[in-house]
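For the sequence shown, the positions run 7 to 103 when this note's numbering is used.
Even glycine gets a Cβ: it sits at the ideal position worked out from N, Cα and C.
The block underneath contains the structure these notes are about, expressed in structure tokens.
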Amino acid sequence: MTDDVDESFYDRADEHINLANDQGREAARGKVSASFMYAVARYNAWVSASGFSSGADMKAAQVETIAFFTKQYQSMLEENLNDYSKNFDCYMKAGMQ
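Right, here's the structure in full:
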């Protein structure tokens, strides 16, 4: 991921993760994950819409917008999968306690 994240970036991310973990006490992890992904997709659609002056303009840029968010998500997912692979025993044993 880029090095130009602001100082509160990880704090905001942690707040979302904490909410998902709280929801995971009542629902299966897969269901929480699906809701989380839907929410971020919905929010990113709104963020994207905020940058256009019309629905037609937004629709015209849809392929590029999807490519941007997909690339960002893939990069972040790869970063986190690599981190979990490297630290698997530490992270997963800590989560089992």
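Three-way DSSP call (helix, strand, coil) for residue i in this model
i: Val108; result: Residue 108 lies beyond the stretch modelled for the chain, which goes from 7 to 103, so this question has no answer here.
i: Glu84; result: helix
i: Phe58; result: coil
i: Asn93; result: coil
i: Glu70; result: helix
i: Glu21; result: helix
i: Arg3; result: Any property of residue 3 remains undetermined from this structure, which presents the chain solely from 7 to 103.
Rounded Cβ spacing between residue i and residue j (contact assumed at less than 8 Å)
i: Phe15; j: Ala26; result: No, Phe15 and Ala26 are not in contact; Cβ-Cβ is about 17 Å, not under 8 Å.
i: Ala55; j: Met64; result: 6 Å
i: Asp90; j: Tyr97; result: The question names Asp, but residue 90 in the sequence shown is Tyr. Yes, they are in contact, since the Cβ atoms of Tyr90 and Tyr97 sit about 6 Å apart, within 8 Å.
Exposure label - residue i; buried when at least 16 CB within 10 Å
i: Thr76; result: exposed
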